[in-house]
Amino acid sequence: MKRTGGSNEAKRRAGEAAADRVTDGEVVGLGTGSTAAHAIRALGRAVDSGLDIRGVPTSFQSRELAREVGIPLTTLDEATPDVAIDGADEVAGFDLVKGGGAAHAREKYVASAADRLLVVADDSKLTDALAGPVPVEFLPDARAPVATAIREAGGEPTLRAAERKDGPVVTDNGNLVFDCAFEAIDPEPLAATLSAIPGVVEHGLFVGLADAVFVGRADGVERRA
Ligand code: 5RP
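According to full-length UniProt numbering, the sequence shown holds residues 1 to 225 in order.
The structure is reproduced here in structure tokens:
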């Protein structure tokens, strides 16, 4: 479940601290969500002050915001990101659950392509062990067999419903999302199991991808690397 309890101020501190690490000439993966949005706005201000960067957005939402704040955009066909900055729903060490915004497929391949992933999160996202639910994006036509395979893997899938209208959430890629509850999450083997299910596009377990975590708190920001 997307955790929404963190303060906007803590999110802002985390996002701005990570944006500060971006240097001239870099290509930047632009994550999705309210914390990543603070980083995008900070990068927009830096571009106004002369920073020369190009952004690779991970969602419709981050592309719109990047355009609004004046970050020149590029694609993975044209450039390899030096760094990606993205939020998370849960952070246990350097392992993450992502996908609260249903953007985890793009977020994962942009972060994987980048030389380094800087995670930005308020301290409400920190946990000793990932608990989920784990978002799983899947091809709509494969709904029944994907649900069966997730149950066989010990999970209970719930189709993510749209908040503001009837019907399911549809991702930027035209797919659907199951939020999958598990009694316990062993990140690496579960990630491999979910990736191997035919019809699954991507799941929200990010294992071994993060290089640093910027934790925003009420009184400052802590960098874990
Ligand atoms: C989107 C994500 C987001 O990064 C995650 O949900 C965190 O969002 P927020 O910063 O708004 O709490 O994974 O798919």
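All C-beta atoms in this analysis are idealised placements derived from N, C-alpha and C, irrespective of residue type, glycine included.
Rounded to a whole number of angstroms, what is the C-alpha to C-alpha distance between residue i and residue j?
i      : j      : result
LYS98  : GLU222 : 20 Å
ALA105 : PHE60  : 13 Å
ALA14  : VAL22  : 14 Å
VAL201 : ASP95  : 20 Å
LEU30  : THR58  : 6 Å
GLY101 : PRO198 : 23 Å
GLU90  : ASP24  : 30 Å
MET1   : PHE178 : Low confidence applies here, because MET1 scores a pLDDT of 48, under 50, leaving its location unreliable and the question unanswered by this model.
ARG12  : ALA212 : 17 Å
LEU176 : GLU68  : 28 Å
ALA103 : ALA153 : 23 Å
ALA149 : VAL110 : 27 Å
THR80  : LYS108 : 14 Å
CYS180 : ARG151 : 9 Å
THR171 : GLY50  : 34 Å
Pull the bridge partners of residue i from the DSSP assignment, please.
i           : result
GLU137      : VAL177, GLU202
GLU156      : ALA181
VAL69       : Answer is none; VAL69 lacks a bridge partner.
GLY216      : ASP122, VAL221
ASP115      : In DSSP, ASP115 forms no bridge with anything.
GLU90       : VAL97
residue 233 : With the chain running from 1 to 225 in the structure shown, residue 233 is simply not present.
VAL83       : VAL28, ARG116
ALA39       : DSSP, once it has assigned bridges, lists no residue as partnering ALA39.
PRO145      : Per DSSP, none; premise fails for PRO145.
Out of the options, point me to the one whose CA is closest to residue i's CA.
i           : options                        : result
ALA113      : HIS38, ALA196, ASP77           : ASP77
GLU64       : VAL83, THR32, THR158, GLY87    : THR32
residue 260 : ASP86, LEU176, ASP172, VAL136  : No information on residue 260 is available, as it lies outside the stretch 1 to 225 that the chain covers here.
ASP48       : THR158, ALA66, GLY93, ASP123   : ALA66
PHE138      : VAL27, ALA36, HIS203, ALA131   : HIS203
ALA218      : ASP115, ASP123, ASP166, THR193 : ASP123
ALA37       : ALA88, VAL27, LYS165, ASP82    : ALA88
residue 226 : ALA162, VAL134, THR171         : Residue 226 is absent from the structure shown; the chain starts at 1 and stops at 225.
PRO140      : GLY167, ALA131, GLU156, GLY155 : GLY167
PRO157      : PHE182, ASN8, GLY93            : PHE182
ALA10       : GLU26, VAL27, SER34, ALA162    : SER34
ALA39       : GLU163, VAL169, GLY132, ALA84  : ALA84
ALA131      : PRO145, ALA92, GLY6, SER62     : ALA92
Say the cut is 6 Å; is the CB of residue i nearer than that to a heavy atom of the ligand MN?
i      : result
LYS108 : With respect to the ligand MN, the structure offers nothing, as its ligand set consists of the ligand 5RP.
Using 8 Å as the threshold, is the region 66 to 76 in touch with the region 44 to 54, meaning 3 or more CB pairs across them?
Verdict: yes, contact present.
When the Cβ atoms of the region 201 to 213 are set against those of the region 172 to 192, are three or more pairs found closer than 8 Å?
Judged by Cβ distances under 8 Å, the region 201 to 213 makes contact with the region 172 to 192, as three or more pairs qualify.
For the 8 Å Cβ check, are there 3 or more pairs between the region 116 to 136 and the region 15 to 22?
Touching, per the Cβ criterion.
Tell me, please, whether the region 32 to 44 touches the region 126 to 135 by the rule of three or more beta-carbon pairs shorter than 8 Å.
The region 32 to 44 makes no contact with the region 126 to 135; the number of CB pairs closer than 8 Å stays below 3.
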